[in-house]
Amino acid sequence: MRRYLAVATALGLAVVGLGASTANGASGRIVQTASGTVQGVVKSNYRVFNGIPYAAPPVGTLRWKNPQPAASWQGTRDASKPGADCVQTAVAWRPAAASTNEDCLNLNVWAPKSGKAKPVAVWFHGGGSINGAGRDFEPVDMVTKGDLLVVTVNYRLGALGYLTIPQLDAEGASGNYGLLDQVQALRWVHDNIARFGGDPSRVMIAGQSAGASGVCGLLASPKAAGLFSTAVIESSSCAVNTRASAQERNAGFVTALGCSADVVACLRSKSPAEIINAQQKAGTWGRVIQPGVLPIAPREAFATGAFNRVPVLLGAVQNEGRAAVYEQNDLINQPVTAASYVASITAQYGAKAADVLARYPVDKYESPGAALAAVATDSGNACAAPVNASALTSTVPAYVYEFRDETAPLRPYELVPSSFSLATQHSAELPYLWGSNTMTPLTKQQQKLSSAMIAYWAQFARTGSLDPKGLPPVPRFQQTNQRIVAFDPDGPRITDDMTSNHQCSFWAQL
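Mapping of the sequence shown onto mature numbering (1 follows the signal peptide of the UniProt record, and there is no 0): residues -25 to -1, 1 to 485, in sequence order.
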């Protein structure tokens, strides 16, 4: 595989001299984009432009096609309200957010009230690749305290974003429509962000959970070469599907829709509601190995140096697995028991289950659910961060963090009592960095930690390093010196205890 560094340097990181194209431009509510004029909203210390299309609606014959450029429009487009969410069902953490609208490839630009050539953060939401939207976040503090632009992006989800079947392969590509949407959004940023006051040569891509998996894919994709200068991976192992495994699972989706002849035409005739119903019978969805788009798995790309070489910040929260264990058990009034804990570990680890149970004995934890959450945390994102950083650090600067504020607000739907503490669960860091329109407001102490975290992320966007003024500088992660920054309730601290706390040596040898 060819390396992508030279391509990135040649194609993408030159500043596009677009400048402000209207009287308002980079300091007002009216901006002329390449496709047309948009009118946003000006607040006291920031501006926001919502629902800007970055690609053509992927409907009709464009369903399960690579994204196409957005059409131009006449007049001034109202950008005061978010655009449609991509097709999805309502879930506990988004109870009123079901959508059947495929015309959803839009983004939101949050910008300081004035100024030019500011760094840009492009944020990809999480949600298991089946839920979520850019409008879930209100990154006012990242914009005003970090002094950068933030772009939040919608991308295709579920079967519409990641369907992989031989019949679509025959059309040229299948399996990574959602990832290619993210590439298209980055192209839009590259071509337009200077008009809003952003610097297209300093674009930090960032995401959490499934959004972070998208960042992993963008790092490994030649399609994204030159479109970003730094990358942030929040809570993802960077795992992807093989084509064989994806096609095996996705065959059930085709069967559920009753498409046996002229399969692609049949699938394109189905309604979004029918697609949502069928995709629930076909397992998980996500990025897949695909020639030309995702040639090899991100972890392999990191290890071999065959990726878009930019500085990377990656990390996790201290108790990643608690959210999933709660949602799958306590939330439905079926907390994990000692017997079901053993059964779950046995089903997952087979012949190695005894080793896992010996390392994580149920009586060591406050409840069987807490034990299961510890296994999920340590075997997943907590140890994935230092593993991936070790692979990256031979070719690029890599930095690792862990979020450890156990006072962080709980999710609004977590009203059913839990059999274990939900502190520092998956996504707990999000309101500290990217804002939220649903979470409990942060306390003064939490706001102080939030300001420190934003300072690190903003400095990383500016320079590719983690040394903001007045805060402990974070050293590059090294295999022989695994220092990270821990975000404790009292503030950031440099430590080397992440891999030992999560028993990463055990998981590496299992």
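We treat Cβ as the ideally placed atom computed from N, Cα and C, and that holds for glycine.
Everything numeric in this text was worked out from a predicted model, so none of it was measured.
| Item | Value |
| --- | --- |
| Secondary structure of residue 488, DSSP reduced to three states | Since the first residue of the chain shown is -25 and the last is 485, residue 488 is not available in this structure. |
| Reduced DSSP secondary structure (H/G/I, E/B, other) of residue 339 | helix |
| Identified DSSP bridge partners for residue 249 | Residue 249 pairs with nothing; no bridge assigned. |
| Through-space distance from residue 161 to residue 271, alpha-carbon basis | 21 Å |
| Proximity of residue 131 and residue 61 at Cβ, strictly below 8 Å | yes |
| Beta strand (DSSP E) segment containing residue 192, residue limits | Residue 192 -> not in any beta strand (DSSP E); alpha helix (DSSP H) instead, spanning 185 to 195. |
| Where the alpha helix (DSSP H) through residue 321 begins and ends | 313 to 324 |
| C-beta contact flag for residue 195 and residue 287 at 8 Å | no |
| Same chain, Cβ closer than 7 Å to residue 278, neighbours up to 5 away in sequence not counted | 366 |
| Residue 27 CB to nearest heavy atom of the ligand ADP below 7 Å | The ligand ADP is not among the ligands present in this structure, which contains no ligands whatsoever. |
| N- and C-terminal bounds of the alpha helix (DSSP H) containing residue 223 | 218 to 231 |
| Whole-number beta carbon distance between residue 82 and residue 152, since they are thought to touch under 8 Å | In fact, because the Cβ distance is near 16 Å, the residues do not count as touching under 8 Å. |
| Residues near residue 142 in its chain [Cβ-Cβ closer than 7 Å; skip 5 each side] | 238 and 239 |
| Top-ranked residue by Cα proximity to residue 292, from 31, 171 and 405 | 405 |
| Given 8 Å, three or more beta-carbon pairs between the segment 44 to 61 and the segment 220 to 239 | no |
| The segment 421 to 434 touching the segment 313 to 324, judged by at least three CB pairs closer than 8 Å | no |
| Proximity winner among 92, 461 and 80, relative to residue 1 (alpha-carbon distances) | 92 |
| Residue 239, enclosing alpha helix (DSSP H) - first and last residue | 238 to 243 |
| Residue 446, DSSP secondary structure in three states | coil |
| Buried or exposed (CB count within 10 angstroms, at least 16 for buried), residue 339 | exposed |
| Beta-carbon spacing of residue 471, residue 457 below 8 Å | yes |
| Cut-off 7 Å between Cβ atoms - residues of its own chain near residue 476, not counting five sequence neighbours on either side | none |
| Whole-angstrom C-beta distance between residue 121 and residue 433, which should lie under 8 Å | 3 Å |
| Contact belief for residue 181 with residue 289 at Cβ below 8 Å, rounded distance in angstroms | No, residue 181 and residue 289 are not in contact; Cβ-Cβ is about 10 Å, not under 8 Å. |
| Coarse secondary structure for residue 472, derived from DSSP in three states | coil |
| With 16 other Cβ atoms within 10 Å as the buried cut-off, status of residue 390 | exposed |
| Member of 274, 351, 263 and 336 whose CA lies at the smallest distance from the CA of residue 303 | 351 |
| Span separating the alpha-carbon of residue 37 from that of residue 43 | 8 Å |
| N-terminal and C-terminal residue of the beta strand (DSSP E) that residue 14 is part of | 12 to 14 |
| Limits of the beta strand (DSSP E) - the one that residue 99 falls within | 93 to 99 |
| Proximity of residue 106 and residue 56 at Cβ, strictly below 8 Å | no |
| Identified DSSP bridge partners for residue 331 | BP columns for residue 331 are empty, so no partner. |
| Reference residue 88, options 363, 164, 5 and 454, closest by Cα | 5 |
| 8 Å Cβ cutoff met for residue 261 and residue 104 | yes |
| CB contact flag (residue 316, residue 346, <8 Å) | yes |
| Every unbroken alpha helix (DSSP H) within the segment 88 to 173, with a cutoff of 4 residues, ordered by chain | 115 to 119, 133 to 137, 141 to 144 and 152 to 167 |
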